[in-house]
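Residue numbers (the numbering used here): 6 to 364.
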């Protein structure tokens, strides 16, 4: 059984459509498909890695994904081949044409098993054309965490028990280490990642709260430098935090490629984050992660494992609304959490992990 925030999982794969592998010998070639945003793809990685390490060393595992996330997959010591395509996700016609163009290359691989972690009309078409001996399809709608649904989908393919394996080997990425030094890391201080990156206002914690949280953290752990990574929409937030924290903040907004960000996250001591792809990178890499969910459905998106904690809106009558703008106009589900409260939860998570290591 996998663990969810320290408790045993009781979920089953009864809702997953599959044709399990029944032969005694293990399959030689497996194709895993996940055509979605970077964060969704990243969440699947520890479960695919567990699968890889549970099979004979010569087993081939290929990955079919979108271009936007391909660089991360290609920089892991995990996949034999990574196939990808771009284009707008919502254009089913164009995406279908790209899938058809990819099919000859995939057919030449003669896959024994196809694990479809997307389960849409395009991925089902790909799987049917490839005619694998065994397959399984992702459960898109159950109200359980995405990581658990990935695990159950992989198990449904009949290749044995599955769990999360967070110990990744990332291939060297030139210039990544230098980015930290060039932007102010002293090479000694612990790195704490602050990630005010959720896409909508209903998922945002006030930026002033982040500044106050960081000052509380420095009061107990002065040998800390905070790091902010992201793209243009975070630039103003990064500027504000830099003015508040000075040399205690390393600003890498608009300065990293996606695979560099993934590698840098692996060096963090802990991350405080809204719902975003970077948050998923952290817990997937085994980094202690404190997540804050406003209008997001935390039952789907929450991080898993004893190295994570989260707060959400599920206790409110309007909770898990999935709206872009708060219907009450006050974003109460996020603003009610004070810097002191989040500091205590985050500090408690880190202290509990230290105590576990000492036992």
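Where is the CB? At the ideal position from N, CA and C, for every residue including glycine.
Assuming residue i and residue j make a contact with CB atoms under 8 angstroms, what is their CB distance in whole Å?
i	j	result
residue 3	residue 102	This structure cannot speak to residue 3, because the chain is shown only from 6 to 364.
residue 320	residue 203	Actually they do not touch by this definition, with Cβ atoms about 19 angstroms apart.
residue 269	residue 185	7 angstroms
residue 262	residue 76	7 angstroms
residue 201	residue 340	Not quite, the Cβ-Cβ distance comes to about 13 angstroms (not below 8 angstroms), so this is no contact.
residue 169	residue 51	4 angstroms
residue 4	residue 164	Only positions 6 to 364 of the chain appear in this structure, which leaves residue 4 out of reach.
residue 222	residue 348	7 angstroms
residue 199	residue 231	5 angstroms
residue 289	residue 48	6 angstroms
residue 149	residue 120	Contact flag wrong, Cβ pair sits at about 18 angstroms.
residue 131	residue 26	About 19 angstroms; that fails the 8 angstroms criterion.
By Cβ distance, which residues of its chain are closer than 8 angstroms to residue i, with the 5 residues on each side in sequence left out?
i	result
residue 237	258, 259
residue 333	323
residue 343	214
residue 206	329, 330, 331, 336
residue 112	134, 135
Per DSSP, residue i forms a beta bridge with which residues?
i	result
residue 37	68, 120
residue 315	296
residue 100	Looking at the DSSP assignment, residue 100 forms no beta bridge with any residue, so it has no partner.
residue 239	Residue 239 pairs with nothing; no bridge assigned.
residue 88	69
residue 327	DSSP output for residue 327 lists no bridge partner at all.
residue 320	Note: residue 320 sits in no beta bridge, so no partner.
residue 270	Answer is none; residue 270 lacks a bridge partner.
residue 141	23, 120
residue 199	277
residue 347	According to DSSP, which records beta bridges pairwise, residue 347 is partnered with nothing at all.
residue 81	175
Between which two residues does the alpha helix (DSSP H) carrying residue i extend?
i	result
residue 218	212 to 225
residue 229	Here residue 229 belongs to no alpha helix (DSSP H); instead the beta strand (DSSP E) covers 229 to 235.
residue 134	126 to 135
residue 169	Segment: none, residue 169 is in no alpha helix (DSSP H) and carries neither H nor E.
residue 47	43 to 59
residue 26	Run containing residue 26: none; DSSP gives neither H nor E here.
residue 62	Run containing residue 62: none; DSSP gives neither H nor E here.
residue 282	282 to 289
residue 339	337 to 340
residue 305	303 to 306
residue 368	This structure cannot speak to residue 368, because the chain is shown only from 6 to 364.
residue 333	From DSSP, residue 333 is part of no alpha helix (DSSP H); its letter is neither H nor E.
residue 309	Residue 309 -> no alpha helix (DSSP H), and no H or E assigned at all.
residue 182	181 to 187
Which same chain residues, not among the five before or five after residue i, have their C-beta less than 6 angstroms away from its C-beta?
i	result
residue 301	208, 280
residue 53	37
residue 22	142
residue 317	298, 303
residue 296	278, 284, 308, 315
residue 1	Outside the shown range of the chain (6 to 364) lies residue 1, about which nothing can therefore be said.
residue 74	43, 46
residue 266	234
residue 226	none
residue 287	270, 276, 294
residue 145	124
residue 60	31
residue 91	72
residue 126	none
residue 367	The structure shown does not extend to residue 367, since the chain is modelled only from 6 to 364, so the question has no answer here.
residue 28	none
Once you ignore the five residues that flank residue i on each side, which residues in its own chain have a CB closer than 7 angstroms to its CB?
i	result
residue 243	233, 256, 258
residue 11	For residue 11, the predicted model reports a pLDDT of 39, less than 50, meaning its position is unreliable; a value from the coordinates is still stated below. Here the set comprises 311.
residue 116	34, 35, 36, 135, 137
residue 245	212
residue 171	51, 289, 290, 291
residue 147	20, 154
residue 282	42, 43, 44, 47
residue 354	293, 295, 314
residue 122	37, 38, 39, 49, 143, 155, 158
I'd like to confirm something about residue i: is its beta-carbon nearer than 7 angstroms to some heavy atom of the ligand FAD, or not?
i	result
residue 35	Ligands displayed in this structure: none; no statement on the ligand FAD is therefore possible.
The beta strand (DSSP E) with residue i in it runs from where to where?
i	result
residue 276	275 to 279
residue 203	No beta strand (DSSP E) holds residue 203; DSSP gives it neither H nor E.
residue 257	254 to 258
- the region 186 to 203 contacting the region 316 to 331, beta-carbon criterion three pairs below 8 angstroms: no
- Task: Count the C-beta pairs between the region 172 to 182 and the region 213 to 231 that are closer than 8 angstroms, then say yes if the count reaches three, no if not.
- Result: Counting Cβ pairs under 8 angstroms, fewer than three are found: no touch.
- Message: Does the contact criterion of 3 or more C-beta pairs under 8 angstroms hold for the region 59 to 68 versus the region 78 to 85?
- Response: yes
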